[in-house]
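For the sequence shown, our numbering assigns the number 274 to the initial residue and increments by one for each residue that follows.
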Amino acid sequence: LKIGHHNNKGYLGENMKKLFILLIFISSGFIFAQSERHVMHVFYHMNVTNPAGVISALDKFHASDCGKKFPGDLGLMSETLNGASESTHFIIASYMTREDFQNAGALTQSCPEAATMLGSLMNSARPVSDLAIVPIIEANDWTVDGAFTKYDMRMNLENEEEYAEAWSELMESNVESGSVTSSYGLNRVLYGNDEFTHFVYIGASDFVTLTDGATELTASKAFEKFSRKVKGMREVLNTSLVIPVKAWPRR
């Protein structure tokens, strides 16, 4: 876990500062309605021992004077099934502009409510990893979906455009057939890409719809064509089920 350098200020203090920085920076999708597109997202992965405590900490911050001015969307996602990863949840903050990110930094560095929130979070969760992403493909409104399949992968940047074209073709074909019913996307990891460089996701209204669609998709001729096109372009490292827990939209 990368929490920054440990020094005499203490491990908790360093954890709080790192989480503070990440919350200024983040995203992923659901529960808050998306009228515009976010330009950047940051995921902060945690091993949560007290989910209610995490929700309470974010509730209190969102209701505070500082939280009411926070220029980003915050959310909590459950990594319900994600292989051997220690992460059980991730906090996600999304920004419509890079200026919003800068303004969030200035705001949270000056308000005590942010420090209170971070201390409360550290009492309920242990940091695991963090990453910032930029959307390459973002189709339909992921913020209203109730379940996601997420595929983490390694891919050279030189293959991104060709892969994106093949992925879009696959998704469009399966939208027409009805096996993809909601959001889908491709994201590049901008910072924190030591484990994976990109991920794709498919969303649906619920778990049953999501898994029924996945079965149909992988059995389709379009998927066979896609697999041939992208062979050797990327390595799929993990597949996870992500379920939205709660969102705190910007005012």
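From the three backbone atoms N, C-alpha and C, an ideal C-beta is built for every residue, glycine too.
Inset, instruction - Compare the C-alpha of Phe316 against each of Pro400, Ala366 and Ser393 and name the closest. - result: Ala366
Inset, instruction - With His318 as the anchor, note down where its beta strand (DSSP E) starts and where it stops. - result: Met313 to Val321
Inset, instruction - Mind listing, in chain order, the continuous beta strand (DSSP E) runs of no fewer than 3 residues lying wholly within the stretch 454-503? - result: 457-464 and 471-477
Inset, instruction - Classify His279 as helix, strand or coil using the three-state DSSP reduction. - result: Low confidence applies here, because His279 scores a pLDDT of 35, under 50, leaving its location unreliable and the question unanswered by this model.
Inset, instruction - Specify, as a first and last residue, the run of the beta strand (DSSP E) that Glu359 falls within. - result: Here Glu359 belongs to no beta strand (DSSP E), and DSSP marks it neither H nor E.
Legend entry - Thr491, buried or exposed, once every other Cβ within 10 Å from all chains shown has been counted against 16: exposed
Inset, instruction - For Glu386, count neighbouring C-beta atoms within 10 Å of its own C-beta (all shown protein chains included) and say buried if the count is 16 or more, exposed if not. - result: buried
Inset, instruction - At 3 residues or longer, and completely inside the stretch 339-393: list those beta strand (DSSP E) runs for me, N to C. - result: 346-354 and 362-368
Legend entry - Rounded C-alpha distance that separates Glu438 from Pro517: 28 Å
Legend entry - Proximity winner among Ala420, Ala388 and His314, relative to Thr370 (alpha-carbon distances): His314
Inset, instruction - Take Phe499 and list the residues in its own chain whose beta-carbon comes closer than 6 Å to its own, dropping the five residues that flank it on each side. - result: Ala439 and Leu443
Legend entry - Of the listed residues Ser402, Leu404 and Thr422, nearest to Asp479 (C-alpha basis): Thr422
Inset, instruction - Can you have a look at Leu354 and say buried or exposed, based on whether 16 or more other CB atoms are within 10 angstroms of its CB? - result: exposed
Inset, instruction - Please go through the stretch 388-424 and give each complete beta strand (DSSP E) segment of 3 or more residues, from N-terminal end onward. - result: 398-412
Inset, instruction - Could you check the C-alpha separation between Ile475 and Glu359 for me, to the nearest Å? - result: 23 Å
Inset, instruction - With DSSP as the reference, label Met309 as helix, strand or coil. - result: The sequence shown places Glu at residue 309, rather than the Met named in the question. In this structure, Glu309 counts as coil in the three-state DSSP scheme.
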